[in-house]
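Position one of the sequence shown corresponds to residue 808 (this note's numbering), numbered consecutively onward. A virtual CB, placed ideally from N, CA and C, is assigned to each residue, including glycine.
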Amino acid sequence: YQRRVRGNYNKDSIPQLQKVSNFLKDCTGFSLRPVAGLLSSRDFLAGLAFRVFHSTQYIRHGAQPMYTPEPDVCHELIGHVPLFADPEFAAFSQEIGLASLGAPDDWIEKLATLYWFTIEFGVCMEEGDLKAYGAGCISSIEELENCVSANSKKQPFEVENIVTTRYPITTIQPVYFVAPSFAEAKRKVMELINKRSNCIKMIRDLANEMKTLEDAVMKLVD
C-alpha cells in the first residue's frame, strides 16, 4: 500500500489520474472520471452513488498557489483522493450520492449543502482539538488556517441548520459546522437520509448491482 502511494505521489513525477484511479479502485472501489469543469449538483452526486468521482484536470494559477476559487487537480489529488481511499469515508460519500438518485430538486439542494459542510469543508473535534477533514480545507493552506482559527465562525453540527445555510463557492468559507467527531457527523447525516427515503436500502442494492455489472463490462473491454 505505502509503496503504491509513493509511486503515485512523489517529488519526481506528476500524478496521473488513471494510475491514481486504479489505486483508489483497489482500495475502496472508487474511480476518477475526468471532467472539464464543474457539474450540476445532481450529476455530481449521482456519480458518487456509483463510487465515481468526477475530477477536474486543470491546475490553479501560479499567482495564487495557496487557494483556488475553483476545484483544481491539486484539490482533487491532495484533498479528495486520500479520503476516498478510506473505506469508511468512501462509504459515507456514496450514501450521500445514493440519496440523490431520483430525488426532487429541493432535496438535491439539501444533499449538496450537507456534502459541502462535510466532505468539502467538514471539521470536527478529536481528543479535545479542532480538526479538519473536508477536502476543501486540507487541500488549501489558507482555508485550513481559516477553519481552525478563532476568528472564523463555528456552529454546532445540526443538520436542520446546515441544509438551509447559504455558502460561497469561490471564496474562503465564512462559517463551519463543528461535529463532536466524524462518526457523529456521519450518524446525523445518515439519520436525515434514512428518514427522508423509505427505499434507500433498495437504491443501495440496485446501485451496487449496477456498479458490479459496469466493472464486469469494463474488464471485458480491457
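Next item on the list: Pull up the DSSP beta-bridge partners for His861, would you.
Entry: His861 pairs with Arg840.
Notebook entry, point to check: Can Thr920 and Ala992 be called in contact, C-beta distance under 8 Å?
Noted result: Contact: no.
Next item on the list: Measure how close the beta-carbons of Pro841 and Gln823 come, nearest whole angstrom, since I'm counting them as under 8 Å.
Entry: At roughly 11 Å, the Cβ-Cβ gap does not stay under 8 Å, so Pro841 and Gln823 are not in contact.
Note to self: Distance cutoff 8 Å, beta carbons only. Does Ile821 sit that close to anything in chain C?
What the structure shows: Annotation note: the requested chain C is absent from the structure, which comprises a single protein chain.
Check: In chain order, what residues of the same chain lie with their CB nearer than 6 Å to the CB of Tyr988, ignoring the 5 residues before and after it?
Finding: A small fix is needed here, since residue 988 is Ser in this sequence, not Tyr. Cβ neighbours of Ser988 beyond the five flanking positions: Cys931.
Notebook entry, point to check: For Tyr922 versus Leu852, is the C-beta distance shorter than 8 Å?
Noted result: The Cβ atoms of Tyr922 and Leu852 sit closer than 8 Å to each other.
Margin query: Here's the rule I'm using: 16 or more other beta-carbon atoms within 10 Å means buried, otherwise exposed. How should His861 be labelled?
Written below: Taking all protein chains shown into account, His861 has 16 or more neighbouring C-beta atoms within 10 Å of its C-beta and is therefore buried.
Next item on the list: Give me the Cβ distance between Phe928 and Gly943, rounded to the nearest whole Å; I'm assuming they're in contact under 8 Å.
Entry: The beta carbons of Phe928 and Gly943 sit about 5 Å from each other, so the pair counts as a contact at 8 Å.
Note to self: Restricting to runs no shorter than 4 residues, where is the alpha helix (DSSP H) found entirely within the stretch 851-904?
What the structure shows: Segments of the alpha helix (DSSP H) lying fully in the stretch 851-904: 888-891.
Check: Taking the alpha carbon of Leu884 as the point to measure from, which residue in Ser947, Ile1000, Ala870 and Glu902 has its own alpha carbon closest?
Finding: Residue nearest to Leu884 within the set Ser947, Ile1000, Ala870 and Glu902 is Ser947 (criterion: CA-CA distance).
Check: When the Cα atoms are used, what is the spatial distance from Pro889 to Leu999?
Finding: In this structure, the CA atom of Pro889 is about 26 Å from the CA atom of Leu999.
Next item on the list: Alpha carbon to alpha carbon, how far is Val955 from Ser838? Give it in angstroms, no decimals.
Entry: In a straight line, the C-alpha of Ser838 is about 31 Å away from that of Val955.
Next item on the list: Name the residue from Thr972, Ile866, Ile979 and Pro872 whose alpha carbon lies nearest to the alpha carbon of Leu918.
Entry: The shortest Cα separation from Leu918 among Thr972, Ile866, Ile979 and Pro872 belongs to Thr972.
Item checked: Element boundaries [beta strand (DSSP E), containing Phe984] -> Val982 to Ala986 is the span of the beta strand (DSSP E), which, as asked, contains Phe984.
Notebook entry, point to check: So, is Ala986 buried or exposed, given that buried needs 16 or more other C-beta atoms within 10 angstroms?
Noted result: By the neighbour-count rule (16 or more Cβ atoms within 10 Å), Ala986 is buried.
Margin query: Need the endpoints of the alpha helix (DSSP H) that Glu949 sits in, please.
Written below: Unbroken alpha helix (DSSP H) run through Glu949: Ile948 to Val955.
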